[in-house]
Structure formats: structure tokens, C-alpha cells
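What follows is one structure encoded as C-alpha cells, with my remarks underneath.
There are 2 protein chains.
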Amino acid sequence: MTSSRETGPTLDPKYDAAGLITAVATDAATGEVLMLAHMNAEALAATMASGEATFWSRSRGRLWKKGETSGHVLRVVEARIDCDQDAVWLRVEPHGPACHTGARSCFYRRIKDGRLVADE
Amino acid sequence: MTSSRETGPTLDPKYDAAGLITAVATDAATGEVLMLAHMNAEALAATMASGEATFWSRSRGRLWKKGETSGHVLRVVEARIDCDQDAVWLRVEPHGPACHTGARSCFYRRIKDGRLVADE
Numbered sequence: 001m002t003s004s005r006e007t008g009p010t011l012d013p014k015y016d017a018a019g020l021i022t023a024v025a026t027d028a029a030t031g032e033v034l035m036l037a038h039m040n041a042e043a044l045a046a047t048m049a050s051g052e053a054t055f056w057s058r059s060r061g062r063l064w065k066k067g068e069t070s071g072h073v074l075r076v077v078e079a080r081i082d083c084d085q086d087a088v089w090l091r092v093e094p095h096g097p098a099c100h101t102g103a104r105s106c107f108y109r110r111i112k113d114g115r116l117v118a119d120e
Numbered sequence: 001m002t003s004s005r006e007t008g009p010t011l012d013p014k015y016d017a018a019g020l021i022t023a024v025a026t027d028a029a030t031g032e033v034l035m036l037a038h039m040n041a042e043a044l045a046a047t048m049a050s051g052e053a054t055f056w057s058r059s060r061g062r063l064w065k066k067g068e069t070s071g072h073v074l075r076v077v078e079a080r081i082d083c084d085q086d087a088v089w090l091r092v093e094p095h096g097p098a099c100h101t102g103a104r105s106c107f108y109r110r111i112k113d114g115r116l117v118a119d120e
């Protein structure tokens with residue numbers, strides 16, 4: 001079953017009860033998943049207008065431009081949306097590590113035999 | 001600020017109030033983001049045990065192995081988890097289109113000038 005939201009040209013994000021959609025950022029050059037975060041309508045608009053990934057921080061309860069303090073911004077090369085418009089995929093050019101731990105990607109650990117193995 | 005959940009070797013997913021974490025699947029060969037979905041503890045365990053991506057369907061309220069009816073399973077090459085353990089990244093080998101619309105990826109539309117442009 002499809003709908004105009006699923007196939008049409010109209011940007012019509014399906015925000016959840018908290019007014020959010022999920023956003024995933026990948027390195028446009030390598031395809032590596034860098035981070036997952038959330039966006040409200042304002043964050044999505046700011047991202048598209050500025051060309052720099054901007055999210056809604058659920059913990060801080062405010063708009064949050066990635067890298068606003070660290071300088072590690074994510075420059076948006078391309079923004080895509082999924083079929084039911086509740087998730088956005090940003091292909092980005094990262095300016096520095098995406099993770100607050102200093103790792104290039106937040107996904108720096110592999111799940112193996114029920115444990116986590118960090119990248120070298 | 002970091003914690004053992006963020007840096008340690010223990011798999012300790014941070015499920016939300018509904019018992020879910022977010023999962024993103026990318027094509028292991030191309031890096032393309034194929035789909036986003038959710039997992040509860042049972043879905044994560046089933047994914048790791050079977051090697052095939054299994055999610056929790058919020059709309060159907062049940063465990064859902066991707067491709068269980070279509071045959072378009074996502075064979076897991078590698079599973080990773082992010083710093084705060086509320087998101088999983090599956091690098092997969094897709095057996096057929098990931099999207100129910102027949103598109104290879106659910107993210108078949110680009111956001112451009114406030115509108116959506118479908119891939120050719």
C-alpha cells in the first residue's frame with residue numbers, strides 16, 4: 001500500500017508525537033554511518049537553509065547545530081527522505097570526528113558474540 | 001562526559017520507553033542507506049542469532065523479519081552500536097529491494113528546494 005506521502009514530490013515529514021523524525025548522517029565519501037540523531041521541523045529547515053546538519057537535542061531540549069562548540073560540523077552534500085517520510089538521510093562531509101568521544105563515527109564498536117569490540 | 005556504556009565492551013542497549021532502539025541498515029557493498037527501523041531486545045537477539053535483519057514492527061505490534069514474505073531478506077555482514085547504545089548499524093547484503101515500493105532503498109527521494117525529487 002502506498003500513498004502520496006510515499007511516492008509524491010511533496011515534502012511532508014511524518015513527525016512523531018514529540019514532533020521528531022530520525023536523521024542518519026553518513027560520510028559522503030566513504031558511506032560510513034557517522035551518527036543518528038533527531039530533527040524537528042525547525043532543525044530540518046535550518047539544516048536545509050544552512051547546509052550544516054542541525055538537530056533537536058532531546059537531552060538539552062533545544063536546537064543543536066552539530067559542531068556548534070567543537071567546530072566539528074557536518075556539511076550536507078545531499079539530503080534524502082524515506083518512503084514514509086519519518087527518517088532523513090544526510091550525506092555529509094564531516095569536519096572532524098562526529099562522536100563526542102573523539103571517534104570518527106559514533107558506531108566505533110562492533111557487536112560480536114554478545115560483546116562489543118572497539119575499532120583499533 | 002562518557003560512561004562504561006559508552007566506552008566499555010558490554011552490550012547494554014538503551015531501550016526507550018517503548019522498549020526500542022533504532023536500527024539503520026546500509027548496503028555493505030555500496031554504503032547506501034537502505035532503511036531505518038526499530039528493534040526491541042528480542043529483535044536484536046534474533047538478528048544476531050540468525051544473521052538476518054529482524055525488527056519490531058510498531059504498526060503490526062510484532063517481531064518482523066525483513067523479507068519474511070517478500071524473500072527480500074537483509075543478510076547481516078556486520079552489526080555495530082553507537083556510543084550511547086540507542087542505535088544499531090547493520091551492514092547488510094540485501095537480497096532484493098529493501099523498500100516495499102520496490103525501490104532498492106527506502107531513501108529514493110532527494111530533498112531539493114523544499115520538494116522531493118525521485119531517483120531515475
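Protein sequences appear in the order of chains X and S.
Numbering-wise, UniProt numbering puts 86 at position 86 of the first sequence, and it's gapless, one number per residue.
Numbering-wise, UniProt numbering puts 30 at position 30 of the second sequence, and it's gapless, one number per residue.
Don't be surprised by glycine CBs; every beta carbon is placed ideally from N, CA and C.
Starting from residue i, follow its DSSP beta bridges and name the residues at the other end.
i     : result
S:A43 : Bridge partners of S:A43: none, in fact.
S:A87 : S:T22
X:T10 : S:R115
S:L52 : Correcting the residue identity first, residue 52 of chain S is Glu in this sequence and not Leu. Answer is S:R75, bridged to S:E52.
S:D16 : Paired residue(s): none; S:D16 is not in a bridge.
S:L34 : Per DSSP, none; premise fails for S:L34.
S:P94 : S:L74
Between residue i and chain X, is any beta-carbon pair separated by less than 7 Å?
i     : result
S:D82 : yes
S:W64 : no
S:G31 : yes
S:T54 : no
Please state if the CB of residue j and the CB of residue i are separated by a distance shorter than 7 Å.
i      : j      : result
S:F107 : X:D82  : yes
X:R80  : X:A28  : no
S:D16  : S:R5   : no
S:S105 : S:E52  : no
S:V88  : S:A23  : yes
X:V73  : X:H100 : no
S:M35  : S:A46  : no
X:R115 : S:P97  : no
S:S70  : S:W64  : no
Mapping the DSSP letters down to three states, classify residue i as helix, strand or coil.
i      : result
S:S57  : strand
S:E62  : Note on identity: in this sequence residue 62 of chain S is Arg, with Glu being the wrong assignment. Three-state DSSP puts S:R62 in a strand.
S:R80  : strand
X:R110 : strand
Looking at the C-beta of residue i, does it have a partner C-beta in chain S at a distance below 7 Å?
i      : result
X:R109 : yes
X:A17  : no
X:L74  : no
What distance in whole Å lies between the Cβ atoms of residue j and residue i, which are believed to be in contact at a cut-off of 8 Å?
i      : j     : result
S:I21  : S:D86 : 5 Å
X:R110 : S:E93 : In fact, because the Cβ distance is near 17 Å, the residues do not count as touching under 8 Å.
S:D84  : S:K14 : 6 Å
Interface residues of chain C around residue i at Cβ under 9 Å?
i    : result
X:P9 : No chain C appears in this structure, whose protein chains are X and S.
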